[in-house]
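Written out below as structure tokens is the structure these notes cover.
In the working numbering, the protein residues as written are 8 to 91.
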């Protein structure tokens, strides 16, 4: 299962971004930040991987700290920061 995770420096930024993405029609899920990612306020937004390029573009407008590629295979988790 591959996903894109957005992380934030504050819970307020997470909630603001969540509201904006929902109003834009994105199918998102707010989750506790996986322990493999320590740089976060504790919450992350999960999206399908086909939204990666859109999120990279929106990072300039929204308070997204980092974008991550998250892959779980047979219980093993792989996390890589998405560079712009």
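Think of the CB as a built atom: it goes at the ideal place given N, C-alpha and C, for glycine as much as any other residue.
Problem set entry | Among 66, 60, 73, nearest to residue 51 - alpha-carbon criterion | When each option's Cα is compared against that of residue 51, the closest is 73.
For this session: Name the residue from 13, 67, 58 whose alpha carbon lies nearest to the alpha carbon of residue 32.
Result: Comparing Cα-Cα distances from residue 32 to each of 13, 67, 58, the minimum goes to 58.
Problem set entry | Closest residue to residue 71 among 89, 84, 83, 41 (Cα-Cα distance) | 89
Exercise. Closer than 9 Å, CB to CB, is residue 58 near chain C or not?
Worked result: Included in the structure is just one protein chain, with no chain C present.
Exercise. Going along the chain, which residues of its own chain have a beta-carbon closer than 7 Å to the beta-carbon of residue 16, five neighbours each way excluded?
Worked result: Correct list, in chain order: 48, 72.
For this session: Check each candidate in 60, 62, 77 and name the one with the smallest Cα separation from residue 8.
Result: Out of 60, 62, 77, 77 has the C-alpha closest to the C-alpha of residue 8.
Problem set entry | Short Cβ contact (9 Å threshold) for residue 14 with residue 75 | yes
Exercise. At which residues does the alpha helix (DSSP H) containing residue 2 begin and terminate?
Worked result: One cannot answer for residue 2 here, as it falls past the ends of the chain, which runs 8 to 91.
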